[in-house]
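What follows is a single structure, written as structure tokens, with notes after it.
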Amino acid sequence: MSAEKEKPKTKSSTKASSKSSSKTASGEKKVKKSSSSKDDPEAKTHKLALKGSSKLVSEFFEYCIHTILFQRGVYPAEDFTAVKKYGLTMMVSSDDQVKAYIKKIMSQLSKWMLGSKINKLVIVITSRETGEHVERWQFDVQIFGKNAKSRSSARSSGTPAAAGDDEADGENAAAEPQPPAKESPEKTEAEIQSEIQSLFRQITASVTFLPMLDGNCTFNVLVYADADSDVPVEWGDSDAKEIENSEKVQLRSFSTSNHRVDTLVSYRLAE
1119 MSAEKEKPKT
1129 KSSTKASSKS
1139 SSKTASGEKK
1149 VKKSSSSKDD
1159 PEAKTHKLAL
1169 KGSSKLVSEF
1179 FEYCIHTILF
1189 QRGVYPAEDF
1199 TAVKKYGLTM
1209 MVSSDDQVKA
1219 YIKKIMSQLS
1229 KWMLGSKINK
1239 LVIVITSRET
1249 GEHVERWQFD
1259 VQIFGKNAKS
1269 RSSARSSGTP
1279 AAAGDDEADG
1289 ENAAAEPQPP
1299 AKESPEKTEA
1309 EIQSEIQSLF
1319 RQITASVTFL
1329 PMLDGNCTFN
1339 VLVYADADSD
1349 VPVEWGDSDA
1359 KEIENSEKVQ
1369 LRSFSTSNHR
1379 VDTLVSYRLA
1389 E
């Protein structure tokens, strides 16, 4: 695993191993801190808005993981319980191992989101029998007003269902430079919730066109973050886990005043 600080890293949680490394934050934090004055109410308001938006996006990702695991049958339906969220009935895992794994991911992901470090989250479903990646859910994160980094790499965490699997060797995954995203107009909570509702309904309806998953499957979560992000030792490098010759379907997006999330699902056609 590469520990080169200047290369932005994609983080995805994996079992701790000798390949994982930790990084110290660069001077970016200090610059950010000095740029906001206590006497600047506008800066303070923006900071609070960014914090709320980051929490909302992190929470959205958490429910996405649960929803995809349920809708795609990665775990038995009886391992899920119904809860109310976003004005919808959502299914969340009640399996202790799965809950602990997702909690570990979300604990770190929330910190990276708050620090505006994340540009992509990926959920990969893999066949246990063949080891092939059969489905890949990609959520691209745009942070309004921030210049996107030119490179990022993927990290992946060992899943609860695949705790004994070998960890993949880490590879840097280059990303194209992106211009800073334009600011979004102010939105009410009701408008944002409506967009999130529509996206979750679309994820639920995706079972109508996605191939049925054969046999037992497991999943991995990849998080793409900036090079100067602090990386816990439990998180290791991973390849991007792309699906060869895949079909791709662009789903809905949602946005807040600070973030925009675009959704893409890739899948392998049944032979």
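Residue numbers for the sequence shown follow my numbering, beginning at 1119 and rising by one. For every residue, glycine included, the Cβ atom is placed at its ideal position computed from N, Cα and C.
- Just checking my contact of F1327 with I1243 at CB under 8 Å: how many whole Å lie between their CB atoms? Within the sequence shown, residue 1327 is the residue found at index 209, counting from 1. Within the sequence shown, residue 1243 is the residue found at index 125, counting from 1. Actually they are not in contact, since the Cβ atoms of F1327 and I1243 sit about 15 Å apart, beyond 8 Å.
- Excluding sequence positions up to five away, which residues of its chain have a Cβ less than 7 Å from the Cβ of S1171? Stepping through the sequence shown from its first residue, residue 1171 is reached at position 53. The answer, listed in chain order, is T1374, S1375, N1376, H1377.
- When the Cα atoms are used, what is the spatial distance from K1305 to T1248? As a working note, residue 1305 is residue 187 in the sequence shown. As a working note, residue 1248 is residue 130 in the sequence shown. Each residue's Cα considered, the two are about 45 Å apart.
- Task: For L1232, I'd like the list of residues in its chain whose CB is within less than 6 Å of its CB, leaving aside the five on either flank, ordered along the chain.
- Result: Here the question's residue 1232 lines up with position 114 in the sequence shown. The residues are S1172.
- Query: Apart from the five residues on each side of it in sequence, which residues of its chain come closer than 7 Å, Cβ to Cβ, to Y1181?
  - Reply: Against the sequence shown, residue 1181 aligns to sequence position 63. So the qualifying residues of the chain are K1203, M1208.
- Query: Which residue's Cα is closest to the Cα of M1330: R1190, S1211, V1379?
  - Reply: As a position in the sequence shown, residue 1330 is number 212, starting the count at 1. Of the candidates R1190, S1211, V1379, the one whose C-alpha sits nearest the C-alpha of M1330 is R1190.
- Query: Among residues of its own chain, excluding the 5 on either side of Y1193, which ones have a beta-carbon nearer than 7 Å to its beta-carbon?
  - Reply: Position 75 of the sequence shown, counted from the start, is the residue given in the question as residue 1193. Here the set comprises L1187, S1211, D1213, V1216.
- In this structure, does DSSP put R1308 in helix, strand or coil? Position 190 of the sequence shown, counted from the first residue, corresponds to residue 1308. Sequence inspection shows Ala at residue 1308; the Arg mentioned does not correspond to that position. Helix at A1308.
- Task: Measure the Cβ-Cβ separation of F1262 and E1313 and say whether it is below 8 Å.
- Result: Within the sequence shown, numbered from 1, the residue matching residue 1262 stands at position 144. Within the sequence shown, numbered from 1, the residue matching residue 1313 stands at position 195. Cβ distance not < 8 Å, so F1262 and E1313 don't count as in contact.
- What does N1334 pair with, by DSSP beta-bridge criteria? Position 216 of the sequence shown, counted from the start, is the residue given in the question as residue 1334. None, per the DSSP bridge assignment.
- If you run the structure through DSSP and keep just helix, strand and coil, what is E1177? Taking the sequence shown and counting its residues from 1, one reaches residue 1177 at position 59. Residue state, collapsed to three classes: helix.
- Close Cβ partners of F1178 (< 8 Å) along its chain, the five nearest in sequence each way excluded: Position 60 of the sequence shown holds residue 1178. Cβ within range, chain order: I1314, F1372, V1379.
- Item | Whether E1365 touches L1382 by CB criterion (8 Å) | For the purposes of this step, residue 1365 is taken as the residue at position 247 of the sequence shown. For the purposes of this step, residue 1382 is taken as the residue at position 264 of the sequence shown. Not a contact, by the Cβ cut-off of 8 Å.
- Within 10 angstroms of the Cβ of A1358, are there 16 or more other Cβ atoms? Answer buried if so, exposed if not. As a first step, residue 1358 is located in the sequence shown; it is residue number 240 there, counting from the start. When all chains shown are included, A1358 counts as buried.
- Task: For the alpha helix (DSSP H) containing I1223, list its first residue and its last residue.
- Result: Translated into positions along the sequence shown, residue 1223 becomes position 105. Counting along the chain, the alpha helix (DSSP H) containing I1223 begins and ends at 1214-1232.
- Out of curiosity, what's the CA-to-CA distance linking K1151 and K1229? Walking along the sequence shown from the start, residue 1151 turns up at place 33. Walking along the sequence shown from the start, residue 1229 turns up at place 111. Confidence at K1151 is low in this model, with a pLDDT of 33, below 50, so its placement is unreliable and the value that follows should be read with caution. So the two alpha carbons sit approximately 16 Å from each other.
- Message: Is it buried or exposed, D1332, if we count other Cβ atoms within 10 angstroms and call 16 or more buried?
- Response: Taking the sequence shown and counting its residues from 1, one reaches residue 1332 at position 214. Classification for D1332: exposed.
- Query: D1346 lies in the beta strand (DSSP E); which residues open and close that run?
  - Reply: Here residue 1346 refers to the residue found at position 228 of the sequence shown. Segment: none, D1346 is in no beta strand (DSSP E) and carries neither H nor E.
- Query: Leaving out five residues before and five after F1082 in sequence, what residues of the same chain have Cβ atoms less than 7 Å from its Cβ?
  - Reply: As displayed, the chain neither begins before 1119 nor continues past 1389, which places residue 1082 out of reach and without an answer.
- Query: Does DSSP put S1211 in a helix, a strand or coil?
  - Reply: For this step, residue 1211 is matched to residue 93 along the sequence shown. Reduced to three states, the DSSP call for S1211 is strand.
- Output yes or no for whether 8 Å exceeds the beta carbon distance between K1235 and S1347. Numbered from 1 along the sequence shown, position 117 holds the residue referred to as residue 1235. Numbered from 1 along the sequence shown, position 229 holds the residue referred to as residue 1347. In this structure, S1347 lies closer than 8 Å to K1235 by Cβ.
- Message: Once DSSP output is grouped into helix, strand and coil, what is the label at A1200?
- Response: Sequence index remark: in the sequence shown, residue 1200 carries index 82 (1-based). Here A1200 sits in strand by DSSP.
- Message: Only counting the same chain, and skipping five residues up and downstream in sequence, which positions put a Cβ closer than 6 Å to that of N1334?
- Response: Taking the sequence shown and counting its residues from 1, the one referred to as residue 1334 is at position 216. Taken in chain order, the residues that qualify are R1246.
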